[in-house]
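Peer 1:
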Amino acid sequence: LTVLGIESSCDDTAAAVVRHTPGSTPEILSQVVVSQDELHKNFGGVVPEIAARAHTEKLDFCVEDALTEAAINLPDLDAIAVTSGPGLIGGVLSGVMCAKGLSAAANKPLIGVNHLAGHALTPRLTNQIEFPYLMLLVSGGHCQFLIVHDVDRFQRLGGTIDDAPGEAFDKTARLLGLGQPGGPHVEAAALKGDPARFRFPRPLLDRPDCDMSFSGLKTALLRAREAILAKKGGLTRKDQADLAAGFQQAVTAVLLEKSRRALKIYLELNPVKPVFAVAGGVSANQDIRAALETVCAESGVGFIAPPLSLCTDNGAMIAWAGLERFQRGLIDDLSLSARPRWPLDQTSPAMLGSGK
Ligand code: ATP
Ligand code: FE
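Numbering (the UniProt record's numbering), first residue to last: 5 to 360.
This is the structure in structure tokens:
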């Protein structure tokens, strides 16, 4: 099976072709991502109108490039998959319209994919793993623990009740005068810092559930920075490094402890080959990866962290999720609509009907 995947739910326009023959490893035949970072960088965030217009302009080229790179023509495809939510409505609509056009023109099945399901199914694209597996989706906009029971069945164990860690990394970078996106810069600064100098809060650890909170951490960092500024008028390299290290250690500690709890719930299902997988940009962080790997080792659970290019937004994850749905006969038609909000535990009408 060969499927084209289209992604335009945030600030990256992406298209990719994935091929899978049952019994063999899936193949990414092409992967095209056009970033909009330059367009939004002076606005301090993604501007929805600018994003939607850019997606409309870039989508056709992205799809064309993805087909050319894969050396495939539209008629050779088995299906066309597209992110139909959640995300910025203008972008999602552009993608859905583009996919509908292709589907109608080439008479190919259309498959709407939940963007978060795309992230959550990525470990099955890179590794041969069975359901159910545990997933920590940790990105610029999300942070949640999920048990992935099937392509269409996700059990949310808990997640952030306010900010996502990626947002907190970006904000921290801004406060410390480092570049954007903040994650890699904060990580690099933290390597040279002393994490013990500042003790930042680790909220909700007193609660037994898998919920997390990261907004207090931001405020604590702001206060620590202000205290230094009041005393010395500026931040030295050492201050920057120590603040970054203290911040990163607090995020890691929260993710580590809550992962332990999520694993406990997951292991109660007695999976044959237990696996804990991560996805999302923040999972690129080495400190966080190492911590999660340790927790997995403690309990004899396999740990999977896909390459960063597949952890951040991309078309291959949508093509793959579409392919998995196609294999199960989960196909949409031209009435497919864009859903700006779409919690993962309500993946599709098919699933709701199953009473799960
Ligand atoms: P979502 O997928 O939730 O809509 P998004 O597309 O913005 O959000 P991603 O592209 O998955 O999220 O990830 C981007 C985030 O990952 C940014 O906030 C960035 O700072 C963070 N990030 C990237 N690399 C690292 C790193 N090494 N350490 C920590 N955070 C990182
Ligand atoms: Fe994403």
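From the three backbone atoms N, C-alpha and C, an ideal C-beta is built for every residue, glycine too.
Here the structure is a predicted model, which is why all the values come from computation and not from measurement.
How is the alpha helix (DSSP H) around G122 delimited, first residue to last?
Peer 2: That run of the alpha helix (DSSP H) goes 119-130.
Peer 1: Relative to the ligand ATP, is the shortest distance from any of its heavy atoms to the C-beta of V258 smaller than 8 Å?
Peer 2: No; taking the cut-off as 8 Å, the Cβ of V258 has no heavy atom of the ligand ATP nearer than that.
Peer 1: Return the Cβ separation of G163 and M216 in integer angstroms, given the expectation that the two are a contact with Cβ distance under 8 Å.
Peer 2: 7 Å between Cβ atoms; contact.
Peer 1: Is T316 near the ligand MG, with its Cβ less than 8 Å from a heavy atom?
Peer 2: Ligands present in the displayed structure are limited to the ligand ATP and the ligand FE, and the ligand MG is not among them.
Peer 1: So which of I308, L271, A320, P136 has the shortest CA-CA distance to L8?
Peer 2: Here the closest residue by C-alpha is A320.
Peer 1: Measure the C-alpha to C-alpha separation of D15 and G94 and round it to an integer number of angstroms.
Peer 2: Those two C-alpha atoms are separated by around 11 Å.
Peer 1: At the 9 Å Cβ level, is P344 part of the contact set with chain D, yes or no?
Peer 2: No chain D is part of this structure, which consists of one protein chain only.
Peer 1: Indicate whether the contact test is met: 3 or more Cβ pairs, each with one atom in the region 136-154 and one in the region 265-284, closer than 8 Å.
Peer 2: Taking 8 Å as the limit for Cβ pairs, the verdict is that the region 265-284 does touch the region 136-154.
Peer 1: Going along the chain, which residues of its own chain have a beta-carbon closer than 7 Å to the beta-carbon of A108, five neighbours each way excluded?
Peer 2: Excluding residues within five positions, the ones whose Cβ falls inside 7 Å are L338.
Peer 1: Give every residue of the same chain whose Cβ lies closer than 8 Å to the Cβ of residue 361, excluding the five residues on either side of it in the sequence, and list them in chain order.
Peer 2: Residue numbering for the chain in the displayed model covers 5 to 360; residue 361 lies beyond these limits and cannot be assessed.
Peer 1: Spell out the partners DSSP gives D336 in its beta bridges.
Peer 2: D336 is bridged to L114.
Peer 1: Quick check on this structure: which residue in L179, P212, S303 has the alpha carbon closest to the alpha carbon of A231?
Peer 2: When only C-alpha atoms are compared, the closest one is L179.
Peer 1: With contact counted as at least three CB pairs below 8 Å, one residue from each stretch, are the region 126-140 and the region 97-105 in contact?
Peer 2: No: the two stretches stay apart, fewer than three of their Cβ pairs being nearer than 8 Å.
Peer 1: Kindly give me the distance between the Cβ atoms of S39 and E73, rounded to whole angstroms, as I take these residues to be in contact under 8 Å.
Peer 2: So it is not a contact: roughly 17 Å between Cβ atoms.
Peer 1: Taking 6 Å as the limit between beta carbons, can you name the residues of its chain near I165, skipping five residues before and five after?
Peer 2: D215, S217.
Peer 1: Would you identify the three-state DSSP class for C14, choosing helix, strand or coil?
Peer 2: Of the three classes helix, strand and coil, the one that applies to C14 here is coil, per DSSP.
Peer 1: Quick one: Cα of R211 to Cα of I84, how far?
Peer 2: So the two alpha carbons sit approximately 44 Å from each other.
Peer 1: If you run the structure through DSSP and keep just helix, strand and coil, what is D148?
Peer 2: The sequence shown places Gln at residue 148, not Asp. In the structure shown, Q148 sits in a strand (DSSP, three-state: E or B).
Peer 1: Go to A281, then tell me how far its beta strand (DSSP E) extends in each direction, as first and last residue.
Peer 2: Unbroken beta strand (DSSP E) run through A281: 279-283.
Peer 1: Buried or exposed: A70, going by 16 or more other Cβ atoms within 10 Å of its Cβ?
Peer 2: Flag for A70 reads buried.
Peer 1: If L239 sits next to G181, beta carbons under 8 Å apart, how far is it from one beta carbon to the other, in whole angstroms?
Peer 2: That pair is a contact at about 7 Å.
Peer 1: Quick one: Cα of A18 to Cα of L314, how far?
Peer 2: Spanning the two alpha carbons is a distance of roughly 12 Å.
Peer 1: Can you name, in chain order, every residue of its own chain whose Cβ lies under 7 Å from the Cβ of R201, other than the five neighbours on each side?
Peer 2: These residues qualify, in order along the chain: D246, G250.
Peer 1: Determine the closest residue to T176 out of A20, A228, R293, with distance taken between C-alpha atoms.
Peer 2: Out of A20, A228, R293, A228 has the C-alpha closest to the C-alpha of T176.
Peer 1: Is there at least one non-hydrogen atom of the ligand ATP closer than 8 Å to the beta-carbon of I322?
Peer 2: No, since every heavy atom of the ligand ATP falls outside the 8 Å radius drawn around the Cβ of I322.
Peer 1: How is the beta strand (DSSP E) around R157 delimited, first residue to last?
Peer 2: Unbroken beta strand (DSSP E) run through R157: 157-163.
Peer 1: From the DSSP output, read off the bridge partner residues of S34.
Peer 2: V21, per the DSSP bridge assignment.
Peer 1: Would you call S287 buried or exposed, if buried means 16 or more other Cβ atoms sit within 10 Å of its Cβ?
Peer 2: Counting Cβ neighbours within 10 Å, S287 comes out buried, since at least 16 surround it.
Peer 1: For T316 versus G284, is the C-beta distance shorter than 9 Å?
Peer 2: Taking 9 Å as the Cβ cut-off, T316 and G284 qualify as a contacting pair.
Peer 1: How should G237 be labelled, buried or exposed, when 16 other C-beta atoms within 10 angstroms of its C-beta is the threshold for buried?
Peer 2: When all chains shown are included, G237 counts as exposed.
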